[in-house]
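Protein chains in written order, with numbering that gives the first Met the number 0: chain A, 0 to 328; chain B, 0 to 316.
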Amino acid sequence: MQIINVIASVVGGLAVSFLIYLGLDYLVAKTNTRWNKRLLPFVFLGPVLLLLTVFLLIPTGLTIYQSLLKTDQYGLQSFGGLTNYVQLFTSAPFLQTLLNNLLWIIVVPGVTVIIGMAVATLADRLGPKREKTFKSIIFLPMSISFIAAASIWSFVYAYNAPGQPQIGLLNAIWTSLTKADPISWLQTEFAHTNSFLIMAVVIWLNAGFAMVLLSAAIKGVPEETIEAARIDGASERQTFFRVVVPQIRTTIVAVFITVLITTMKIFDIVFAMTSGQFNTNVLGMEFYNQFFAFNNPGKASAVVVILIIAVIPVIVYQIRTYREQEALR
Amino acid sequence: MTETLAPGTNQTTKGADQPPIKKTRRRRSQGSRRPLLTVILGIVAVLWLLPMFGLLVTSFRTTTDAQSSGWWTVFADIAKAPWTITNYSNALSGTGSGTGQSLGSEFLNSIAVAVPATVLPLMFAAFAAYAFTFLEFRGKEAYFAVIIGLLVVPVQIALIPVLQTYKAITAFTGIQITGTFPAAWIVHASFALPLCIFILRNFMSTLPNALIEAARVDGASHFQIFWRLVVPMSIPALASFAIFQFMWVWNDYLVAYIFIGNANPVLQQGLLGLLGQYNQGWNLVAAGSFIVVIIPLIVFLSLQRYFVRGLTAGAVK
């Protein structure tokens with residue numbers, strides 16, 4: 000029964016969207032040629048423009064508007080100006096959340112790029128067969144969802160009371176090495192230990208992605224430039240930092256930005272591992288809590304707007320890069 | 000969803016999945032036997048796989064075993080350990096994950112969400128990419144700049160207003176929208192469009208323009224050229240985006256949770272429910288995790304070439 004339902008909705012959904020196009024094309028074919036030429040692009044673009052406007056642009060405006068609404072104790076909304084923002088920025092836990100987010104974006108993109116770069120560079124020096132194997136292994140976590148990754152790593156960080164057998168790998172190693180009591184890792188706020196342990200999972204997921212892009216870029220570096228540096232007496236290290244790195248700079252930046260954006264809006268993994276408790280809260284998590292736990296769409300929207308403001312520099316950078324590339328075409 | 004321009008990677012794409020060109024071959028063969036390097040990378044590889052491996056082993060253990068000893072202890076006597084596959088059958092048919100459904104039926108729900116949410120944006124974006132590549136119209140550059148800007152906009156920006164709109168429509172017309180598959184398709188599709196258009200347009204602009212001109216001269220309409228020429232020639236780009244989008248949607252939790260919720264829960268919701276009850280046994284969580292990752296893993300392992308090509312095609316997700 001469920002299968003029939005699933006198949007029916009899949010087939011139906013696809014058929015309807017195709018019919019929309021046939022219909023639009025039929026309409027354009029009917030109009031006279033002068034109009035046809037003008038209208039045709041919008042037949043091809045129409046549905047996309049409609050979807051982007053209705054599901055992205057208008058909601059963005061509504062979210063900004065909504066962030067100005069305050070919610071009273073009965074759940075009723077009224078215009079509150081910047082109340083939500085003032086409340087957020089004067090609340091110590093939220094400032095801590097911002098700080099945590101900052102920690103995430105300082106640590107995760109940088110470390111991911113460095114690990115990706117290291118594996119790409121080292122694997123490049125091995126034979127093709129071994130290189131391929133190693134790269135596939137590092138790349139494998141790419142296919143795993145945040146929730147599944149959270150399961151895998153929560154098990155590594157698992158904690159049992161002292162005296163009981165430790166089934167979590169980390170505590171097993173910890174207790175046998177130090178003979179100390181096991182530690183409830185994900186609840187350890189000291190020095191942001193728990194946050195760093197969650198970050199490790201995200202790095203584990205993304206390093207392969209960084210490696211693949213950087214590896215492709217490294218292979219694209221002309222051998223002559225490296226050869227020339229060696230002839231001039233440059234060491235391995237000098238060749239790498241002064242010849243290879245500058246030539247793949249654009250790729251490094253692109254990888255960094257991609258991981259940066261993933262990190263800024265990180266949610267699933269924090270939600271699955273700690274729900275933002277024990278001082279692991281981040282903006283994506285705060286959005287979820289404000290909306291679902293506290294039933295405060297206004298404040299949740301304000302959190303999103305803060306997130307978007309943080310993303311704006313990246314958007315500007317993207318458009319500028321695109322313009323420069325187009326100019327080179 | 001995250002997407003970034005990867006300027007400069009276009010020309011290096013070749014190195015990723017084609018045999019190495021002559022000039023790099025020397026560098027490679029030169030270092031093909033490096034035991035120390037192999038050992039270092041070998042250690043990294045083992046560390047990388049160990050967490051997954053531990054969970055895989057645990058997924059075949061009994062609850063008592065999994066609760067009372069570490070998974071690594073089974074290697075003391077592999078033959079003696081009471082291996083079992085009941086964890087998988089329990090996870091697939093049991094409804095104890097808090098969503099009210101078993102992972103088995105959640106598997107079907109995930110397919111019902113992921114397949115159209117992959118095909119729909121591909122189709123919409125292919126049409127748009129065609130317009131951006133082969134048609135002239137006013138404001139083309141501006142429209143495209145907007146699409147580039149939207150590449151990195153976090154999905155959270157739209158969730159609340161779209162959900163409220165769905166609910167308002169339901170209140171007004173009585174038609175239930177949240178909880179149905181299309182409610183999630185359309186959000187997934189909309190947020191996939193910028194990246195998909197970007198990749199396809201980059202690809203289409205490499206197609207020979209003369210061919211399209213020739214078809215025009217022969218009297219073919221743009222609609223015919225699109226379906227008969229451009230779409231078949233764009234299959235590589237379409238395939239690599241399809242893999243991406245499928246894995247993205249399959250692995251998504253937030254959109255599915257907000258727009259479908261517990262009416263038709265997807266796998267990620269089921270797994271999160273299981274994870275919340277880890278104290279009843281990691282063995283069930285373990286089996287659940289592998290049920291959840293098996294499809295992306297198969298897609299990934301069998302289509303890795305296309306996946307890498309998509310990554311290096313100038314955009315990433």
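Built from N, CA and C at the ideal position, the CB exists for glycine as well.
Computed from a prediction, not measured in an experiment: that's the story for all the values here.
{"Asked": "Between the C-alpha atoms of T179(B) and L158(B), what's the straight-line distance to the nearest angstrom?", "Found": "16 Å"}
{"Asked": "Tell me whether L97(A) sits in a helix, a strand or coil according to DSSP, three-state version.", "Found": "helix"}
{"Asked": "What is the DSSP secondary structure of R273(A), reduced to helix, strand or coil?", "Found": "It is worth fixing the name first, because residue 273(A) is Thr in this sequence and not Arg. The answer is coil: DSSP assigns T273(A) none of H, G, I, E or B."}
{"Asked": "Is V315(B) close to chain A? Criterion is C-beta to C-beta, closer than 7 Å.", "Found": "Because the pLDDT at V315(B) is just 37, under 50, the model does not fix this residue reliably, and the value given afterwards should be weighed accordingly. Yes, V315(B) counts as interfacial toward chain A."}
{"Asked": "Quick one: what's K69(A) bridged to in DSSP?", "Found": "S77(A)"}
{"Asked": "What is the DSSP secondary structure of E223(A), counted as helix, strand or coil?", "Found": "helix"}
{"Asked": "Name the chain B residues that come within less than 8 Å of V107(A), Cβ to Cβ?", "Found": "Result: empty, since nearest Cβ-Cβ is about 12 Å, beyond 8 Å."}
{"Asked": "Is the closest heavy atom of the ligand PLP to the C-beta of N261(B) under 6 Å?", "Found": "With respect to small molecules bound, the structure shown includes none, and the ligand PLP cannot be examined in it."}
{"Asked": "Would you please state the rounded distance, in angstroms, between the beta carbons of Q244(B) and G283(A)? I believe it to be under 8 Å.", "Found": "No, Q244(B) and G283(A) are not in contact; Cβ-Cβ is about 21 Å, not under 8 Å."}
{"Asked": "Ordered along the chain, which non-local residues of its own chain (more than five positions away) have a Cβ less than 6 Å from that of V118(A)?", "Found": "I137 and M210"}
{"Asked": "Between the segment 289 to 300 of chain B and the segment 166 to 178 of chain A, do at least 3 Cβ pairs fall closer than 8 Å?", "Found": "no"}
{"Asked": "Let me know if S77(A) comes out buried or exposed under the rule of 16 or more other beta-carbons within 10 Å of its beta-carbon.", "Found": "exposed"}
{"Asked": "Is the separation between the beta-carbon of N108(B) and that of N263(B) shorter than 7 Å?", "Found": "yes"}
{"Asked": "Going by Cα to Cα distance, which pick from G53(B), S67(B) and L199(B) is closest to M232(B)?", "Found": "L199(B)"}
{"Asked": "Between the alpha carbons of G167(A) and R229(A), how many angstroms are there, rounded?", "Found": "48 Å"}
{"Asked": "Can you tell me the Cα-Cα spacing of L61(A) and T70(A), whole angstroms?", "Found": "16 Å"}
{"Asked": "Are the C-beta atoms of A111(B) and some chain A residue less than 7 Å apart?", "Found": "yes"}
{"Asked": "Evaluate V231(A) with the Cβ neighbour count: other Cβ atoms within 10 Å of its Cβ, from every protein chain shown; 16 or more gives buried, anything less gives exposed.", "Found": "Here the sequence assigns Asp to residue 231(A), which means Val is not the residue at that position. Exposed."}
{"Asked": "Determine whether the Cβ of Q276(A) lies closer than 7 Å to any Cβ atom of chain B.", "Found": "no"}
{"Asked": "What does M246(B) touch in chain A if you count any residue whose Cβ is under 9 Å from its own?", "Found": "M141, S142 and S144"}
{"Asked": "Tell me, please, whether the CB atom of A292(A) is closer than 7 Å to any CB atom in chain B?", "Found": "no"}
{"Asked": "What does M51(B) touch in chain A if you count any residue whose Cβ is under 9 Å from its own?", "Found": "L139, P140, I143 and I151"}
{"Asked": "Identify every run of the alpha helix (DSSP H) within the segment 43 to 73 of chain B, keeping only runs that are complete inside it and at least 4 residues long; order them along the chain.", "Found": "62 to 67"}
{"Asked": "Between the C-alpha atoms of V307(B) and T82(A), what's the straight-line distance to the nearest angstrom?", "Found": "47 Å"}
{"Asked": "Distance, Cα to Cα, Q66(B) vs S288(B)?", "Found": "17 Å"}
{"Asked": "Measuring CB to CB, does V155(A) end up less than 7 Å from P50(B)?", "Found": "yes"}
{"Asked": "Establish whether the CB of Q267(B) and some CB of chain A are separated by less than 7 Å.", "Found": "yes"}
{"Asked": "Please report how far the alpha carbon of I151(A) lies from the alpha carbon of L266(B), in whole angstroms.", "Found": "16 Å"}
{"Asked": "Report back the beta-carbon spacing between L54(B) and A285(B) to the nearest angstrom; my notes put them in contact at under 8 Å.", "Found": "5 Å"}
{"Asked": "Let me confirm a value: I3(A) is counted as buried when at least 16 other C-beta atoms fall within 10 Å, else exposed. Which label applies?", "Found": "exposed"}
{"Asked": "For S288(B), decide whether its Cβ has a neighbour in chain A, counting only Cβ atoms nearer than 7 Å.", "Found": "yes"}
{"Asked": "Tell me the residue span of the alpha helix (DSSP H) that contains F136(B).", "Found": "Counting along the chain, F136(B) falls outside any alpha helix (DSSP H), and DSSP gives it neither H nor E."}
{"Asked": "Give me the subset of the segment 33 to 53 of chain A whose CB atoms are less than 7 Å from a CB atom of chain B, sorted by chain position.", "Found": "L39, P40, F43, L44, P46, V47, L50 and L51"}
{"Asked": "I'd like to know if Q1(A) contacts chain B, where contact means its C-beta is closer than 7 Å to some C-beta of that chain.", "Found": "yes"}
{"Asked": "Let me know the secondary structure DSSP gives V230(B) once reduced to three states.", "Found": "helix"}
{"Asked": "Is the Cβ-Cβ distance between G272(B) and T85(B) less than 7 Å?", "Found": "no"}
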